[in-house]
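**Q** Below you will find the structure I want to go over with you.
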Amino acid sequence: MKTAIEVIKKLKSSGYEAYLVGGAVRDFLLGKDPKDFDVATSAEPVQVKEIFDRTVDTGIQHGTVLVLIGGTGVEVTTFRTESDYTDNRRPDRVEFVNSLAEDLKRRDFTINAMAMTEELELVDIFGGRQDLEEKLIRAVGEPEERFQEDALRMLRAVRFSGQLDFSIDEQTLAAIKRNASLIRSVAVERIKIELDKIMANQHAARSIDYLLYSGLADQLPSGDLFRIDWQDFKPSGDPLSGWLYALWHSKKDASALASYKLSNEEKTAVAKALEAAGLEHWNQWTYYSYTLRQLELAAGLMQKQQNPAVQKSRLPVQSKSDLAVNGRDLMEWSGQKAGPWLKDALGDIERRVVCGELENEKDKIKEWFFDEYNRDK
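Quick note on numbering: the sequence shown equals residues 1 to 377 in UniProt numbering.
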């Protein structure tokens with residue numbers, strides 16, 4: 001907050017209007033620590049770049065410059081209006097203006113359309129503070145227009161309902177129901193970002209209720225995944241916990257998420273967590289064989305009481321590299337060259353050490369190896 005105020009003061013001392021805007025104002029009024037700071041100003045990007053020593057052109061075509069002070073970045077955007085949203089996603093035309101009111105008018109919801117001066121005086125043209133007090137998500141102006149400008153705003157309304165534990169205003173919700181099909185025009189990557197945030201928040205069930213009631217779920221890829229009972233879902237903060245819950249309770253595998261273009265790491269985590277959740281018993285080898293994230297996701301799915309992090313930390317080794325011996329040792333002891341036998345022998349040692357059947361000491365392993373090797377010979 002201090003850095004954002006410093007940016008505002010410097011812009012004002014240079015002769016421009018400047019205000020803190022957006023989510024930072026909302027979070028401040030809710031008594032939360034804002035994570036991201038946005039400043040709106042009458043200064044145009046070229047003027048912002050002249051005023052501050054360190055800047056990055058993050059969205060200069062839309063009037064946005066990232067100002068860096070110390071280790072903190074503040075997004076500074078010129079007052080602007082937007083028009084002609086022919087694809088329901090991006091404005092065809094952005095025009096810089098000198099009016100804060102015009103800038104706030106283009107924003108999505110009243111709770112995000114407030115501004116604040118460097119003295120923390122509130123500028124609230126659309127009743128955002130009252131909506132915060134009444135715990136309402138309400139579109140700025142005519143909701144139909146806001147959603148036709150950017151269809152993703154409908155999903156953002158649903159996400160904010162869970163994130164803030166708010167209700168969606170009746171007119172705003174009715175407009176979402178009428179325009180739900182527009183969500184198909186939004187890139188699946190943008191949709192997934194919002195759905196991930198829904199899955200991670202503590203009131204995900206509320207958001208998903210709205211997702212279903214509004215008709216948005218019917219327009220989303222694999223929308224039937226959401227048609228399950230979410231009341232027992234306990235979000236962990238990891239978005240994959242929600243996706244896994246949906247797969248598990250709809251009896252589907254990871255392929256049902258193909259349309260959402262998960263990263264390779266996410267695909268592996270989902271597949272492995274489902275695999276671990278399907279195991280009848282978990283033992284030391286289970287805690288060793290899966291990553292902590294995979295175990296935590298599976299444990300949440302099964303509502304296991306064990307703490308995977310604690311169980312994993314108690315293992316004698318965390319990876320094969322922790323073993324007291326390696327392939328060269330075994331080849332030296334056996335007098336044999338590398339071959340399939342070497343992988344089998346190392347795997348046997350690894351499993352025995354992990355399961356507590358063999359101490360992870362070189363002499364102990366050597367003694368065991370000679371006994372096994374001589375017996376096999």
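For each residue, glycine too, the CB sits at the ideal point set by N, CA and C.
1. At which residues does the beta strand (DSSP E) containing Ala18 begin and terminate?
2. Just to confirm my understanding: we take Thr110, look at its own chain, exclude 5 residues before and 5 after, and list those with CB closer than 7 Å. What are they?
3. Mark Asp224 as exposed unless 16 or more other C-beta atoms lie within 10 angstroms of its C-beta, in which case mark it buried.
4. Quick check on Trp282: buried or exposed, where buried means 16 or more other Cβ atoms within 10 Å of its Cβ?
5. Report yes if the C-beta distance between Pro308 and Tyr287 is below 8 Å; otherwise report no.
6. The beta strand (DSSP E) with Val74 in it runs from where to where?
7. Starting from Ile193, trace the alpha helix (DSSP H) in both directions and tell me its first and last residue.
8. Specify the secondary structure class of Val325 as computed by DSSP and reduced to three states.
9. Pick from Met199, Asn264 and Lys49: whose alpha carbon is nearest that of Lys234?
10. I'd like the span of the beta strand (DSSP E) that includes Asp344, first residue to last.
11. Starting from Asp131 and walking both ways along the alpha helix (DSSP H), at which residues does that stretch end?
12. Measuring alpha carbon to alpha carbon, tell me which of Leu29, Gly63 and Pro239 ends up nearest Ala43.
13. What residues are listed by DSSP as bridge partners for Ser167?
14. So what does DSSP say about Lys69, is it helix, strand or coil?
15. Can you tell me which of the three DSSP states Ile5 falls into?
16. Are the beta-carbon atoms belonging to Ser161 and Tyr210 less than 8 Å from one another?
17. Who are the near neighbours of Glu95 in its chain, counting only those whose CB is closer than 7 Å to its CB and skipping five residues on each side?
18. Determine the extent of the beta strand (DSSP E) in which Gly59 is found, giving its start and end residues.
19. Would you tell me roughly how many angstroms separate the C-alpha atoms of Arg153 and Thr41, rounded to the nearest one?
20. Measuring alpha carbon to alpha carbon, tell me which of Val74, Glu118, Lys49 and Leu297 ends up nearest Glu17.
21. Tell me which residues share the same chain as Gly237 and place their Cβ nearer than 7 Å to its Cβ, disregarding the 5 neighbours each side in the sequence.
22. Given Lys12, which residues of its chain have a CB within under 8 Å of its CB, disregarding the five upstream and five downstream residues?
23. Can you give the beta carbon distance from Ile8 to Val39, rounded, assuming they're within the 8 Å contact cut?
24. Let me make sure I understand the geometry here. Which of Leu120, Asn112 and Leu240 has the alpha-carbon closest to that of Asp265?
25. With the cut-off set at 8 Å, would you say Leu122 and Phe147 are in Cβ contact?
**A** Let me spell this out:
1. Where Ala18 is concerned, the enclosing beta strand (DSSP E) stretches over Ala18 to Val21.
2. Excluding positions up to five away in sequence, the list reads Phe126, Gly127, Gly128, Asp131, Arg138 and Val140.
3. So Asp224 counts as exposed.
4. Taking all protein chains in view, the Cβ of Trp282 is crowded by 16 or more other Cβ atoms within 10 Å, so the residue is classified as buried.
5. Yes, Cβ-Cβ distance for Pro308 and Tyr287 is below 8 Å.
6. Counting along the chain, the unbroken beta strand (DSSP E) around Val74 starts and ends at Thr72 to Thr78.
7. Note, Ile193: alpha helix (DSSP H), Val188 to Ala200.
8. Note: Val325 maps to coil in three-state DSSP.
9. Out of Met199, Asn264 and Lys49, Met199 has the C-alpha closest to the C-alpha of Lys234.
10. Note, Asp344: premise wrong, no beta strand (DSSP E); alpha helix (DSSP H) at Pro340 to Val354.
11. Start and end: Gly128 to Glu133.
12. Closest in C-alpha terms to Ala43, from the list Leu29, Gly63 and Pro239, comes Gly63.
13. For Ser167, which the question treats as bridged, DSSP gives the partners Leu136.
14. First, the residue type needs correcting, since residue 69 is Ile and not Lys in the sequence shown. Three-state result, Ile69: strand.
15. Helix.
16. Yes; because the gap between Cβ atoms is below 8 Å, this pair is in contact.
17. Arg80 and Thr81.
18. Annotation for Gly59: the continuous beta strand (DSSP E) segment containing it runs Thr55 to Gly59.
19. If I take the Cα positions, the gap works out to 24 Å.
20. For the residues Val74, Glu118, Lys49 and Leu297, the minimum Cα distance to Glu17 belongs to Glu118.
21. Taken in chain order, the residues that qualify are Ala200.
22. Sequence-distant partners of Lys12 (beyond 5 residues in either direction) whose C-beta falls short of 8 Å from its own C-beta, in its chain, are Ala18 and Glu118.
23. Yes, Ile8 and Val39 are in contact; Cβ-Cβ is about 6 Å, under 8 Å.
24. Before going further, note that residue 265 is Glu rather than Asp in the sequence given. Among Leu120, Asn112 and Leu240, the Cα nearest to that of Glu265 belongs to Leu240.
25. Contact flag unset, no.
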